[in-house]
Amino acid sequence: MVIRVKHRRRGYTRVSAKNQVTLPLEALQLAGIRAGDTLRAEVRGPGEVVLTRDVDPVTRFAGALTGVYPSGGLDELRDEWD
771 MVIRVKHRRR
781 GYTRVSAKNQ
791 VTLPLEALQL
801 AGIRAGDTLR
811 AEVRGPGEVV
821 LTRDVDPVTR
831 FAGALTGVYP
841 SGGLDELRDE
851 WD
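For the sequence shown, position 55 (counting from the first letter as 1) is numbered 825 according to this note's numbering, and the numbering increases by one without interruption.
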């Protein structure tokens, strides 16, 4: 019986038949990428793809202006629209 041994190198991966890639855990941890993050893939050059975490601007800035307007101030502005 012949036993096939997979030779793997730390930090390397390969593209599957379904064009899927498993990223090394250490690379994900160092980049701060976690399960469930949305990534954008961009081609930098031949043989080079850069993955960037895609941040939803609404989520990023929601609540950023808390305390800028006095209590009820926004309601007064909205009343001016009528």
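Idealized CB from N, CA, C, for every residue including glycine.
For I803 and L795, the rounded distance between their alpha carbons: On the sequence shown, residue 795 is found 25 positions in, with the first residue counted as 1. On the sequence shown, residue 803 is found 33 positions in, with the first residue counted as 1. Distance between the alpha carbons of L795 and I803 is about 10 Å.
To the nearest angstrom, report how far apart A805 and D826 are at their CA atoms. The residue given as residue 805 occupies position 35 in the sequence shown. The residue given as residue 826 occupies position 56 in the sequence shown. The alpha-carbon atoms of A805 and D826 are separated by roughly 16 Å.
From R810 to R823, what distance separates their C-alpha atoms? Residue mapping note: residue 810 aligns to position 40 of the sequence shown, counting from 1. Residue mapping note: residue 823 aligns to position 53 of the sequence shown, counting from 1. Answer to the nearest angstrom: the Cα atoms are 6 Å apart.
Grouping DSSP H, G and I as helix and E and B as strand, with all else coil, what is A801? Here residue 801 corresponds to residue number 31 of the sequence shown, with the count starting at 1. Look at A801 here: in three-state DSSP terms it is helix.
Bridge partners for T822 per DSSP, in chain order? Start at 1 with the first residue of the sequence shown, and residue 822 comes out as number 52. Per DSSP, the beta bridge partners of T822 are R810.
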